[in-house]
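Numbering of the sequence shown is given in our numbering, commencing with residue 52 and proceeding in unit increments.
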Amino acid sequence: MAKTTLDTSRVCSGTYGRVFKDGNEYPQVSECTADVERDMKEINAVGQEWVGYKGGLKKGSGTIKGWKVTSEMIQQGFDKFELLTELDDPEAYGAERIRLLNCQFSKINLVNFKPGEVIEEEMPFVFSGYELVDPIVAD
Numbered sequence: 052m053a054k055t056t057l058d059t060s061r062v063c064s065g066t067y068g069r070v071f072k073d074g075n076e077y078p079q080v081s082e083c084t085a086d087v088e089r090d091m092k093e094i095n096a097v098g099q100e101w102v103g104y105k106g107g108l109k110k111g112s113g114t115i116k117g118w119k120v121t122s123e124m125i126q127q128g129f130d131k132f133e134l135l136t137e138l139d140d141p142e143a144y145g146a147e148r149i150r151l152l153n154c155q156f157s158k159i160n161l162v163n164f165k166p167g168e169v170i171e172e173e174m175p176f177v178f179s180g181y182e183l184v185d186p187i188v189a190d
């Protein structure tokens, strides 16, 4: 079997990430994460030496971190919104876009400041559903 090597220029850089909230770019974001977790039920069957698993419900959560520029996040409150994330590194095999559906903040920063420091916000959120709009596919 022939050895395959990684073309390191194709590794995606987070520098080229962007976040859009309800269709509007949110440029003050410094970091965005989103994960889906699936509840796994253990199945202990007679005559089996191994625990089996049955997939259950899914749970989506994430965090937006960024610099405070406006009061938009406080005004958003706990109302639903939609996020579209984009990772478009020009050296990668293409751009990846993921839409996060039915997002809601689970915590809102009201006051957070210290003299002489840049104000950063961290906003955890939950979501129920996602769509891989554009996948990255190797040539």
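We put the beta carbon where it would ideally sit given N, CA and C, even for glycine.
Taking C-alpha positions only, Val177 is separated from Asp86 by approximately 9 Å. The region 151-186 contains no complete alpha helix (DSSP H) run of 4 or more residues. In the displayed model, Met52 falls within coil according to three-state DSSP, outside both helix and strand. Rounded to whole angstroms, the gap between the alpha carbons of Pro78 and Thr114 is 15 Å.
When Cβ pairs closer than 8 Å are counted between the two stretches, the region 165-173 is seen not to touch the region 136-148, the count staying below three. The C-alpha of Leu161 lies about 22 Å from the C-alpha of Val70.
Residue environment: Leu57 is assigned as exposed (fewer than 16 neighbouring CB atoms within 10 Å of its CB, all protein chains considered). Residue range 123-127 is occupied by the alpha helix (DSSP H) that includes Glu123. Within a 10 Å sphere around the beta-carbon of Thr136 sit 16 or more other beta-carbons, which makes this residue buried. One Cα belongs to Glu76, the other to Ala189, and the distance between them is close to 27 Å.
Within its own chain, the residues whose Cβ lies closer than 6 Å to the Cβ of Lys110, once the five positions on either side in sequence are excluded, are Glu88, listed in chain order.
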